[in-house]
Amino acid sequence: MSVTEMFADIQGFLSADQDIREDIRKVVQQLEQAAREILTLLQGVHQPTGFKEIPTKCAKAREMFCTVRTHMADLKTKFPAEQYYRFQEHWRFVLQRLAFLATFVGYLECEALVTREEAAKIIGIEVVREEGFHLGVEDYLAGVLIMASELSRLAVNSVTAGDYSRPLRISNFINELDSGFRLLNLKNDPLRKRYDGLKYDVKKIEEVVYDLSIRGLSKEADNAGDK
Amino acid sequence: MSVTEMFADIQGFLSADQDIREDIRKVVQQLEQAAREILTLLQGVHQPTGFKEIPTKCAKAREMFCTVRTHMADLKTKFPAEQYYRFQEHWRFVLQRLAFLATFVGYLECEALVTREEAAKIIGIEVVREEGFHLGVEDYLAGVLIMASELSRLAVNSVTAGDYSRPLRISNFINELDSGFRLLNLKNDPLRKRYDGLKYDVKKIEEVVYDLSIRGLSKEADNAGDK
Amino acid sequence: MSVTEMFADIQGFLSADQDIREDIRKVVQQLEQAAREILTLLQGVHQPTGFKEIPTKCAKAREMFCTVRTHMADLKTKFPAEQYYRFQEHWRFVLQRLAFLATFVGYLECEALVTREEAAKIIGIEVVREEGFHLGVEDYLAGVLIMASELSRLAVNSVTAGDYSRPLRISNFINELDSGFRLLNLKNDPLRKRYDGLKYDVKKIEEVVYDLSIRGLSKEADNAGDK
Amino acid sequence: MSVTEMFADIQGFLSADQDIREDIRKVVQQLEQAAREILTLLQGVHQPTGFKEIPTKCAKAREMFCTVRTHMADLKTKFPAEQYYRFQEHWRFVLQRLAFLATFVGYLECEALVTREEAAKIIGIEVVREEGFHLGVEDYLAGVLIMASELSRLAVNSVTAGDYSRPLRISNFINELDSGFRLLNLKNDPLRKRYDGLKYDVKKIEEVVYDLSIRGLSKEADNAGDK
Amino acid sequence: MSVTEMFADIQGFLSADQDIREDIRKVVQQLEQAAREILTLLQGVHQPTGFKEIPTKCAKAREMFCTVRTHMADLKTKFPAEQYYRFQEHWRFVLQRLAFLATFVGYLECEALVTREEAAKIIGIEVVREEGFHLGVEDYLAGVLIMASELSRLAVNSVTAGDYSRPLRISNFINELDSGFRLLNLKNDPLRKRYDGLKYDVKKIEEVVYDLSIRGLSKEADNAGDK
Amino acid sequence: MSVTEMFADIQGFLSADQDIREDIRKVVQQLEQAAREILTLLQGVHQPTGFKEIPTKCAKAREMFCTVRTHMADLKTKFPAEQYYRFQEHWRFVLQRLAFLATFVGYLECEALVTREEAAKIIGIEVVREEGFHLGVEDYLAGVLIMASELSRLAVNSVTAGDYSRPLRISNFINELDSGFRLLNLKNDPLRKRYDGLKYDVKKIEEVVYDLSIRGLSKEADNAGDK
Amino acid sequence: LQDRDASADASSSPVIAAFKVFQQELDTKHDKHERLVKISRDITIESKRTIFLLHRVTSVTDVESILKESDVKLDLVRRKIAQIAEELRGEDIFQFHRAFTAGIQEYVEAVSFQHYIRHRTLISLEEINAMLVFTKAQSTDAKEPAEEDAPPPTVAAVSAPPFQVIPSDYLLGVADLTGELMRMCIGSVGNGDIDTPFQLSQFLRQVHDGFSYIGNSGPYEVSKKLHTLRQSLAKVEDACYALRVRGSEIPKHMLADVFASRDAMMDADEGVA
Amino acid sequence: LQDRDASADASSSPVIAAFKVFQQELDTKHDKHERLVKISRDITIESKRTIFLLHRVTSVTDVESILKESDVKLDLVRRKIAQIAEELRGEDIFQFHRAFTAGIQEYVEAVSFQHYIRHRTLISLEEINAMLVFTKAQSTDAKEPAEEDAPPPTVAAVSAPPFQVIPSDYLLGVADLTGELMRMCIGSVGNGDIDTPFQLSQFLRQVHDGFSYIGNSGPYEVSKKLHTLRQSLAKVEDACYALRVRGSEIPKHMLADVFASRDAMMDADEGVA
Ligand SMILES: [Mn+2]
Ligand SMILES: [Mn+2]
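Residue numbers (this note's numbering), protein chains in the order written: chain A, 2 to 228; chain B, 2 to 228; chain C, 2 to 228; chain D, 2 to 228; chain E, 2 to 228; chain F, 2 to 228; chain G, 211 to 483; chain H, 211 to 483.
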């Protein structure tokens with residue numbers, strides 16, 4: 002092979018790489034659009050009327066995740082599976098948003114933590130690195146932390162909507178999450194920074210619970226006894 | 002699985018990752034040591050006496066590449082093959098040095114460009130991305146550019162050593178390389194910057210050739226007729 | 002034409018450009034002064050005593066917008082109409098402030114969103130680009146977002162002033178705005194950043210409503226009848 | 002004059018200049034020490050017990066300003082008066098701190114704004130530029146803005162200490178300051194940046210007043226009588 | 002005096018200050034224009050044909066310095082003399098350029114160093130700080146260092162133009178300057194950094210002299226007679 | 002002990018530390034002055050006339066090192082001997098300069114490398130850490146590298162001065178140094194960076210030798226007999 | 211809480227209705243911006259390729275054929291600029307200027323490089339703009355050499371409005387041109403071409419003096435390039451210097467020889483590349 | 211060219227011989243540095259873990275057992291510090307200070323956090339240093355609780371020299387302590403503990419005033435931390451404020467109730483975590 006031929010070959014490689022990135026970017030934009038639509042739907046739960054509609058909204062969101070999975074399936078075809086980390090930066094942001102949405106829907110449905118396995122399934126990807134396009138630990142945890150902050154807002158708004166028992170349940174859930182995170186030895190990475198924010202969510206929810214307690218409203222909730 | 006168990010699992014993941022990086026760093030240090038030793042050996046070619054010993058030195062260097070291949074084989078065992086890009090930054094610098102050394106030895110032996118395939122073989126890795134630890138295009142080209150600069154130095158020193166024909170051969174070779182690089186559509190990346198340096202190597206060698214020409218020394222070399 | 006002459010020509014063009022910019026800067030300073038005065042007036046609404054005077058203050062502000070319109074008429078004469086975007090950076094900041102002031106006055110008067118058409122009219126400019134100096138969508142929306150943040154402050158201060166029904170009305174209005182903004186496909190531009198701030202305003206107002214609601218003060222407000 | 006002689010001359014100039022700066026630095030260090038001691042004393046007012054001791058602490062601070070004035074008198078002797086601006090950078094930081102301390106003491110004593118004239122007198126310098134070492138407008142205003150931020154902290158801590166009327170008084174004062182600053186046409190200079198911080202102080206204090214008011218604590222304060 | 006009155010006063014101060022700066026900026030722009038024109042003229046000496054025209058160009062430059070002096074006279078009227086250091090940053094850049102131009106013209110005329118006194122006179126300002134608008138030591142030296150770098154360029158271009166004796170004279174001059182600067186005890190200030198550049202100029206010129214000397218061209222120059 | 006007392010204690014310690022540093026700084030300034038004077042003297046060797054005066058200049062420099070030793074003796078008294086590394090940063094720069102000057106004088110005298118022991122003796126300090134103020138390996142090597150760069154300049158200038166044999170001797174010496182440095186396992190420290198500069202010195206000298214050799218001047222030098 | 215519920219029914223809200231209009235306006239603008247960015251990127255790539263091609267003039271004998279080939283390429287680029295002009299029909303060009311400035315600067319660089327090689331002078335802004343008046347005939351002409359599968363311009367048969375390069379884009383393109391001229395100079399030295407470097411250094415000095423005449427009175431981006439420009443000039447001046455000192459050693463009678471052998475070598479090279 | 215050849219025979223050269231000595235000295239130093247960095251990293255990790263453990267005091271009733279557990283952990287850390295002291299035997303500690311400063315600061319943070327929880331006071335530098343005098347007995351004592359497979363300290367039976375924390379490391383550790391105290395305060399609020407936040411805010415104010423007394427007269431790293439310290443204090447003051455205003459609403463007779471229910475909830479939580 003002459004030097005010229007070799008370099009022509011190499012140019013082929015370089016061009017192919019740029020094309021892949023272009024393709025990825027396009028699908029990622031569609032994913033972002035889909036994520037935004039699910040978010041708009043779920044934002045409705047903060048409205049006073051939204052509380053009754055949680056099940057409907059969740060069902061709707063579940064449906065909308067179909068589109069996400071379709072785009073994800075498409076995304077996987079855009080690059081060789083073993084080069085996940087080569088292109089990761091392109092989809093990292095939207096993947097964390099999707100992890101948030103998946104865990105949020107899951108929490109609204111059964112007030113429990115959606116595991117990484119389940120979240121990956123909802124999004125339409127793998128859990129295990131070896132099997133290809135997967136939901137990495139860091140991305141999953143980032144999503145969980147965004148959800149925690151959304152729950153602190155939900156605690157405030159459920160009081161406004163007259164639901165006095167939900168904040169206590171949220172409080173217990175968030176405390177459990179906090180204990181979980183304390184088990185991790187986080188370095189000074191982006192995740193650590195996000196985790197520091199969790200403490201404020203915990204505090205805010207505790208204040209709501211405290212407000213309810215001193216008014217005897219938490220007992221009222223107990224007596225009324227939903228859940 | 003309880004939240005606590007899940008987080009304990011996750012901590013396991015995170016620790017494993019740090020351990021891998023630690024392991025990689027250790028092997029990379031050994032690779033750097035090996036690369037430095039080969040370099041010291043090959044630097045000898047710039048000495049007046051070194052010109053006759055080129056074949057011996059090359060043979061010696063070939064042997065020393067065994068150690069490199071051993072470390073490389075070791076390095077590959079430190080992380081799953083499909084995560085090459087996840088950890089790439091750790092070995093990128095030394096890999097480019099090795100690509101330089103491999104192409105330099107090859108040039109000294111037969112005055113031709115060592116292809117990416119050959120270079121990968123000398124270093125003990127793959128060419129094709131899909132087959133695992135490989136010599137990427139960018140890293141190979143970076144190595145070639147370091148070699149070009151070493152050759153411009155060699156052109157100067159071969160005149161000092163009384164070898165008047167070598168600069169012309171180097172000049173032809175470097176011109177060929179330069180034409181090759183012109184075929185590439187390099188963006189403003191590190192490679193582009195290195196490539197800009199090539200022009201000065203070309204110019205320096207041309208000046209040597211010019212110096213020889215105006216003194217009729219290049220003809221002398223022709224008549225003496227090596228190659 | 003010699004190289005020197007060509008550069009002299011271009012220098013002439015650049016000087017002319019500088020002169021226009023100098024003229025624009027002067028008028029923009031007067032606009033900023035006028036905007037600051039209206040702002041000082043409207044800031045009064047946050048004072049406990051200011052609540053009763055809202056109508057008077059709005060009327061006064063309406064008058065002061067005359068000056069704004071005069072300066073705007075002046076500004077339009079300073080550069081060719083079709084080069085609006087060439088010089089836009091000079092007035093962009095003050096234009097967004099004016100859009101804020103116009104929509105704020107409008108909201109205080111009738112608790113509704115001032116349309117872009119109305120806002121443009123208050124400021125004394127056009128809506129459509131083709132017709133000259135206009136209020137672009139982005140600038141209008143930036144003004145609306147500044148207003149949203151001012152309203153979150155107003156919600157807090159109206160409680161202090163003893164008006165318990167206003168925060169609920171503000172909350173409804175802001176939620177509507179939030180839904181509106183979520184329709185937009187904002188890129189990573191300045192507007193996007195400002196919009197991220199809206200989330201905090203929404204949250205703050207939700208907390209005010211929460212405080213009223215947990216103390217039964219929101220019902221009190223209802224019974225008192227809608228304003 | 003030979004080149005050597007000329008440079009020897011110049012070295013004379015440079016040495017003299019360096020000596021002056023060395024002298025200034027020494028006095029400035031003493032000023033900083035004095036300022037830090039006053040600060041440490043006055044910060045005591047944030048402690049729950051500190052509220053009763055405000056008059057004592059102020060008296061003590063007044064005494065400590067004597068030292069400041071002594072050092073200031075010393076500083077003036079270190080350089081020719083007309084070169085104030087040449088060396089300004091050396092004392093600018095400490096001068097703003099002193100302006101802050103002077104206005105803070107003044108506020109604590111009589112809850113009013115210490116004028117630039119008074120502040121200059123407390124520090125032991127002039128007001129008017131022409132008369133030598135003076136308190137420039139920018140430095141005075143910077144001091145006032147530091148004080149504003151200290152007052153927002155004081156509002157919070159006085160509630161903690163059980164004093165519910167002070168925040169309202171602070172709120173009025175800060176609003177007055179804010180109106181004052183809005184009269185100024187600040188460019189994009191350091192002062193402008195600091196002034197943006199004032200908005201947060203205003204908002205923070207408004208929220209304190211809000212918290213008191215929604216719980217009926219501000220009325221309680223009213224009934225208890227002014228201070 | 003009320004807070005409002007006080008701030009109104011202060012605004013007076015600030016406006017006056019801004020007006021002064023605006024005036025200064027305008028004159029400085031004219032100075033920069035004048036400096037740029039002289040520079041463009043003198044840069045002609047690097048052209049092969051320019052070498053013969055050095056005297057003409059210098060005479061022309063001397064004339065153009067008249068304009069500089071006129072603007073300087075104007076600049077002095079824009080602010081009180083004792084506030085030189087307050088506004089220094091506005092003209093510092095152009096003043097150093099002018100010092101460069103003055104010393105460069107002087108060198109071209111008689112191949113000697115223009116003293117600070119002479120340079121100040123050419124620019125139309127004082128030498129002694131006490132007498133008002135002056136050419137400070139640092140600004141003069143900065144100008145001299147810019148000239149040194151221009152001379153290293155001139156050494157290169159005079160060889161290109163076939164003048165082999167000039168580089169030797171420049172080399173001697175630069176060495177003298179270098180010795181002079183080594184007398185100075187420069188701190189880590191901007192001047193120090195510029196001075197580090199002088200070492201490169203010295204080395205560059207030495208290499209030019211070397212190139213001439215190894216080819217026997219410097220002797221040729223000697224035989225042709227000194228200049 | 003109260004918190005306040007504890008901080009007062011520490012402040013006492015910090016002040017003492019500052020005082021020591023102030024004392025050290027003063028002596029270091031004198032050392033810098035002394036080093037600058039020796040440097041100015043030795044710079045003379047680059048002048049065409051300077052080559053004959055090398056022995057005289059070296060003798061003179063040897064004398065001037067007395068002053069250095071006196072200041073060094075003084076410096077040692079300014080801090081506890083076992084805290085050398087605590088204050089090292091203050092004298093590190095000048096110490097490396099002195100190591101350079103000592104090795105440079107030594108090379109000029111007998112064209113050999115001054116050992117660390119000899120260099121330390123010339124400067125008036127120890128070699129071994131345990132014995133007090135010493136010349137660390139890194140500082141010695143940094144000095145050697147500065148010398149190498151000075152020698153590359155000397156090679157150029159000796160050709161200008163008509164001495165064609167010196168560059169070859171310098172080339173041998175520098176190559177030996179280069180081999181020495183390649184033995185060291187330099188990390189990413191300042192020394193590493195300086196060492197990277199050595200490559201350029203080596204290359205520069207190789208080019209000088211090339212220039213001599215292509216013109217047959219190196220033979221000429223040989224015939225003229227060894228130095 | 212009734213009000214609140216009502217507002218939740220977003221579809222009927224005038225606010226939502228207004229925002230739907232905004233959505234459309236923003237998306238339209240954004241789409242146009244994206245299209246312009248893409249065209250600009252294509253222009254950049256094609257202009258860079260033209261520059262790469264033009265650099266071959268230092269190493270071949272048949273300069274004319276390279277110039278012709280570059281004409282074809284630049285015509286293609288101009289067809290893309292016609293697309294920009296079409297997109298901007300009726301718009302304020304400054305509104306979208308950021309989207310295509312990079313491409314236009316690169317075009318200026320390429321076309322001024324070609325112009326220099328052909329005429330050894332600096333192309334003027336007027337000359338550049340004159341080439342960007344798109345007549346009907348031209349667009350048809352331009353389509354002929356489209357062997358490459360470029361999509362047919364949306365312009366179709368009807369002519370696009372003329373495009374005007376603004377002075378700052380012209381200046382920035384010319385500033386980058388100096389970098390290419392420097393590379394060309396170094397290339398010429400390598401190929402034993404004595405005249406070009408000296409011509410180039412004189413020309414580059416004129417451009418450099420022009421820029422220093424403008425100094426920091428122009429846009430910020432221009433002053434930022436002054437440093438690189440100065441470095442390029444220094445490199446060219448160094449190259450001329452090296453030629454002069456080395457050239458001083460050459461015995462006159464050998465001159466022909468030297469270049470004959472160089473040319474031979476070069477031709478051999480060309481066979482390979 | 212004879213000289214040159216001779217010098218190429220590097221082995222006999224005195225220069226090479228000298229450099230071989232340097233090589234050894236540099237490698238020795240570097241290896242020691244690396245070992246210290248590793249020990250320091252271990253100290254950091256173990257200290258951080260201790261701090262994590264200590265934060266649990268806000269959510270459990272048996273504070274004492276946590277303190278005891280932290281004693282064990284800190285003893286382990288001190289054994290590592292003894293290893294540093296051993297490495298530094300006969301050395302100038304400032305030569306290697308950069309290698310272990312991070313670990314020591316983190317230890318100061320941990321030990322002062324424990325001390326605050328136990329005594330509600332600030333540990334002094336003297337107290338810290340007193341704990342770092344390693345007697346023979348102590349090293350043996352320390353070995354007992356080593357259930358973890360830590361390698362036996364190289365110190366073995368013989369005692370290591372004492373280690374002295376320098377004032378700036380102490381200050382930097384204490385500065386970081388304030389961040390932990392802030393987290394503890396917010397944790398306490400969440401757990402209905404009214405007293406701790408108020409105590410903490412007073413203590414933190416004292417530390418803050420201490421630092422502002424030192425101001426920028428100390429090392430640069432200290433002044434850099436002042437801003438974070440001020441933010442931590444503000445957060446604590448805000449928390450106390452919130453407690454006060456919310457607490458003002460509580461009817462006296464309900465107080466007991468509230469905390470009973472909180473405690474019950476907390477205990478339930480503990481079962482899970
Ligand atoms: Mn280019
Ligand atoms: Mn910490």
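Idealized CB from N, CA, C, for every residue including glycine.
Residue i in three-state terms, based on DSSP
i, result
"Glu139(A)", "helix"
"Glu127(B)", "strand"
"Arg259(G)", "helix"
"Ile237(C)", "This structure gives no information on residue 237(C), because the portion of chain C shown stretches from 2 to 228."
"Leu15(B)", "helix"
Partners in chain E for residue i, counting only beta-carbon separations shorter than 9 Å
i, result
"Ser180(D)", "Val4, Thr5, Phe8"
"Asn186(D)", "Gln12, Leu15, Ser16, Gln19"
Within chain D, the residues that residue i reaches when beta carbons sit closer than 8 Å
i, result
"Gln412(H)", "Gln48, Pro49"
"Gln34(C)", "Asn186"
Contacts of residue i in chain G (Cβ-Cβ under 8 Å)
i, result
"Glu208(B)", "Val399, Ala452, Arg456"
"Val84(C)", "Correcting the residue type first, residue 84(C) is Gln in the shown sequence and not Val. Going along chain G in sequence order, the residues near Gln84(C) (Cβ under 8 Å) are Asp302, Phe304."
Under 9 Å by beta carbon: chain G residues contacting residue i
i, result
"Arg130(C)", "Glu301, Asp302, Gln305"
Proximal chain E residues relative to residue i, where beta-carbon distance stays under 8 Å
i, result
"Asp197(F)", "Residues of chain E passing the Cβ test: none, with the nearest at roughly 17 Å."
Under 9 Å by beta carbon: chain F residues contacting residue i
i, result
"Val270(H)", "Ordered by position in chain F, no residue passes the 9 Å Cβ test against Val270(H), which lies about 28 Å from the chain."
Cut-off 7 Å between Cβ atoms - residues of its own chain near residue i, not counting five sequence neighbours on either side
i, result
"Leu387(H)", "Glu319, Ser322, Phe323"
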